[in-house]
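Have a look at the structure below before the remarks.
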Amino acid sequence: MRVNFTVNGRPQEADDVWEGESLLYVLRERLGLPGSKNACEQGECGSCTVRLDGVPVCSCLVAAGQAEGREVVTVEGLADFAKQRAEHGGCATGACGTEGTSLQDARRWSARPQDSQTGEGGELAPVQQAFIDAGAVQCGFCTPGLLVAADEMLERNPSPTDADIREALSGNLCRCTGYEKILDAVRLAAARQAELAEGV
Amino acid sequence: MDFLRPASWEEALAAKAEHPTAVPIAGGTDVMVEINFDHRRPEYLLDLNRIGELSQWEVGEDTVRLGASVPYSQIMEHLRAELPGLALASHTVASPQIRNRGGVGGNLGTASPAGDAHPALLAAGAEVEAESVRGSRRIPIDDFYTGVKRNALAPDELIRAVHIKKADGPQQYSKVGTRNAMVIAVCAFGIALHPETRTVRTGIGSAAPTPIRATAAEEFLAAALDEGGFWDSRKIITPSVAKQFADLAAGAANPIDDVRGTASYRRHAVGIMARRTLGWTWESYRGAGRGTEGVA
Ligand SMILES: Cc1cc2nc3c(=O)[nH]c(=O)nc-3n(C[C@H](O)[C@H](O)[C@H](O)COP(=O)(O)OP(=O)(O)OC[C@H]3O[C@@H](n4cnc5c(N)ncnc54)[C@H](O)[C@@H]3O)c2cc1C
Ligand code: FES
Ligand code: FES
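From first to last, the protein sequence lines are chains S and R. In terms of my numbering, the first sequence is residues 1 to 200. In terms of my numbering, the second sequence is residues 1001 to 1296.
Printed below as a string of structure tokens:
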């Protein structure tokens, strides 16, 4: 079957989709967006987290056909998504923005290792930069899902308590970091966001 | 495989009548796991996501009519006052991502003895609104669970909504697991005080082939509270009464040994949870009473 939906602000069409296929599979294997990771395919790890009409979900548990006509944001589109949100006063669901990330740009996305220390030249969302700065990335397999989940929490709850952060990230497993640096990264992103909001 | 995408409830019923083996998919948090792991290859998937009314709820005078697909996160956010037991139980389900998709209709469809909605529904009192092209019926929650992962739905029926009694007193939900998130219950216990009828209802999860009520414990407690005049005096419940309630609740359990826990541990834990949740709800009943009497 064919599935039409919006990915990172741009309409996309996936063909020859098997009816039992997951949204995760369509993103990775049919649209060439491997940012969302496949680690468990059973909702346990959160590494496949994307936003579906703004809501964080495990894309491995969404049937591809259920995404028909809906808006998906993946980690590849997170930088643009965050930028639009900042420009449009909080609205970045794609419904109010028209730019989005083209599939080509999304496919080309990389953290640009040469720039990753400073983030210069790399198009990163603030939460991505915070993960780099706090040293919250080791193997990186869990990172895309954590970024999408953390970004959504910071959108909803700009000054989260530690308990809020833990709860928001409770569906994302990391086998490497022991989570402390991840918590640091989210606290850092929240602090920077607050500074920006205060116009400092 | 065929993917059926009815745009309305009527279309969904017609599709289910035409293809009774079609597997409804709402949040997909049970169905997709089975498909991803090749445990299930249904001929038809029947997507319910386009039927907007299934994600809505109405708060009536005595009950909440909860659409089958209302996700747990919405129950937690919007129905905490009306359905405190179910809101607490919802909060224990899996993770934010899963709670954003999964809901009570899917929990009832799967009818796992470990499903977290079940003890809360049993304790609050609820009816499942099931419908097919043949007509609509209300299945009392006590008659809904018919066996391990079996329910009372006919092959052509779909769940449209669940009618849950609004809380008329404190409710609690307790669950044993190894973490606060992403945990299938080792066992669970729900309790609802119903001061209006001077009854107490319970629900036990993961400690019998189906979710069950601890009816002997409920009856004993109702009689003891009545005889002792506790509903009016709002006295602290005598420890021996609480203990007897806990023992009867543990006795209602009929658990098995499995990877998550042993039968004897489960029985023990059910008793502990029964005593604790009774204590918590009764304390808040007493507190509410003192509040209205202005004693603070
Ligand atoms: C990682 C993970 C953790 C989990 N943890 C928990 C947990 O802690 N507690 C818990 O209770 N559950 C848990 N679950 C199971 C699952 O999330 C719940 O059972 C959830 O309520 C299912 O809802 P859903 O909408 O996703 O159902 P779906 O997967 O869409 O459907 C489930 C079943 O119900 C049927 N169905 C759905 N809607 C209807 C309808 N309207 N009429 C008739 N049949 C219908 C489907 O055909 C299917 O058989 C977990 C699942 C995962 C993947
Ligand atoms: S791959 Fe989807 S939750 Fe693990
Ligand atoms: S960094 Fe390796 S799993 Fe998280």
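Built from N, CA and C at the ideal position, the CB exists for glycine as well. A quick note: this is a predicted structure, and the numbers were derived from the prediction, not measured.
What residues are listed by DSSP as bridge partners for residue i?
i: S:LEU23; result: Per DSSP, none; premise fails for S:LEU23.
i: R:THR1202; result: R:ILE1191
i: R:TYR1173; result: R:GLY1190
i: R:ILE1184; result: Answer by DSSP bridge pairing: none, since R:ILE1184 is not bridged.
i: S:GLN12; result: S:PHE5
i: R:TYR1265; result: DSSP output for R:TYR1265 lists no bridge partner at all.
i: R:ALA1161; result: R:GLY1067, R:GLU1129
i: R:TYR1044; result: R:ASP1002
i: R:TRP1231; result: None, per the DSSP bridge assignment.
i: S:LEU52; result: S:VAL55, S:VAL72
i: R:ILE1025; result: R:ASP1047
i: R:TRP1314; result: No statement about residue 1314 of chain R is possible, as the shown extent of chain R runs from 1001 to 1296 and does not include it.
i: S:ALA63; result: S:SER22
i: R:ILE1212; result: R:ILE1204
Please look up how many angstroms separate the CB atoms of residue i and residue j, rounded, as I've assumed it's under 8 angstroms.
i: S:ALA190; j: S:PRO158; result: 7 angstroms
i: S:ALA72; j: S:VAL50; result: Sequence check: residue 72 of chain S is Val here, not Ala. Confirmed, Cβ separation roughly 5 angstroms.
i: S:ASP151; j: S:ALA86; result: That belief does not hold up - the Cβ atoms of S:ASP151 and S:ALA86 are roughly 12 angstroms apart, past 8 angstroms.
i: S:ALA64; j: S:LEU23; result: 5 angstroms
i: S:CYS58; j: S:GLY77; result: Not a contact, Cβ separation roughly 18 angstroms.
i: R:THR1202; j: R:ILE1184; result: Between R:ILE1184 and R:THR1202 the Cβ distance is about 20 angstroms, and since that is not below 8 angstroms, they are no contact.
i: R:VAL1033; j: S:LEU61; result: 7 angstroms
i: R:ALA1246; j: R:ARG1266; result: The Cβ separation is near 14 angstroms, so there is no contact.
i: R:ALA1089; j: R:PRO1113; result: Not quite, the Cβ-Cβ distance comes to about 14 angstroms (not below 8 angstroms), so this is no contact.
i: R:PRO1255; j: R:ALA1208; result: 7 angstroms
i: R:VAL1133; j: R:ALA1012; result: Going by Cβ atoms, the distance from R:VAL1133 to R:ALA1012 rounds to 10 angstroms, so no, they are not a contact pair.
Within the present structure, is the beta-carbon of residue i separated from the nearest heavy atom of ligand 3 by less than 7 angstroms?
i: S:GLY135; result: no
i: S:PHE141; result: yes
i: S:ARG175; result: yes
Under 7 angstroms: does the beta carbon of residue i sit that close to some heavy atom of ligand 1?
i: S:PRO160; result: no
i: R:ILE1025; result: yes
i: R:SER1069; result: yes
i: R:VAL1031; result: yes
i: R:VAL1176; result: no
i: R:LEU1048; result: yes
i: R:MET1273; result: no
i: R:GLY1109; result: yes
i: R:ARG1301; result: Residue 1301 of chain R is absent from the structure shown; chain R starts at 1001 and stops at 1296.
i: R:VAL1186; result: no
i: R:ASP1116; result: yes
i: R:MET1076; result: no
i: R:GLY1203; result: no
i: R:ALA1094; result: yes
i: R:VAL1183; result: yes
i: R:GLY1103; result: yes
i: R:LEU1086; result: no
i: R:GLY1147; result: no
i: R:LEU1083; result: no
i: S:GLY178; result: no
i: R:GLY1106; result: yes
i: R:ILE1237; result: no
i: R:GLY1028; result: yes
i: R:ILE1159; result: yes
i: R:ILE1098; result: yes
Is it the case that the CB of residue i approaches a heavy atom of ligand 5 more closely than 7 angstroms?
i: S:GLN138; result: This structure lacks ligand 5; the ligands present are ligand 1, ligand 2 and ligand 3.
How would the residue list near ligand 2 read, in chain order, if you kept each one whose beta-carbon is closer than 7 angstroms to any heavy atom? S:LEU24, S:LYS37, S:ASN38, S:ALA39, S:CYS40, S:GLU41, S:GLN42, S:GLY43, S:GLU44, S:CYS45, S:GLY46, S:SER47, S:CYS48, S:CYS58, S:SER59, S:CYS60, S:LEU61
With a floor of 3 residues, list each beta strand (DSSP E) that falls wholly inside the segment 1085-1157 of chain R, ordered by position along the chain. 1126-1132, 1135-1140, 1145-1147
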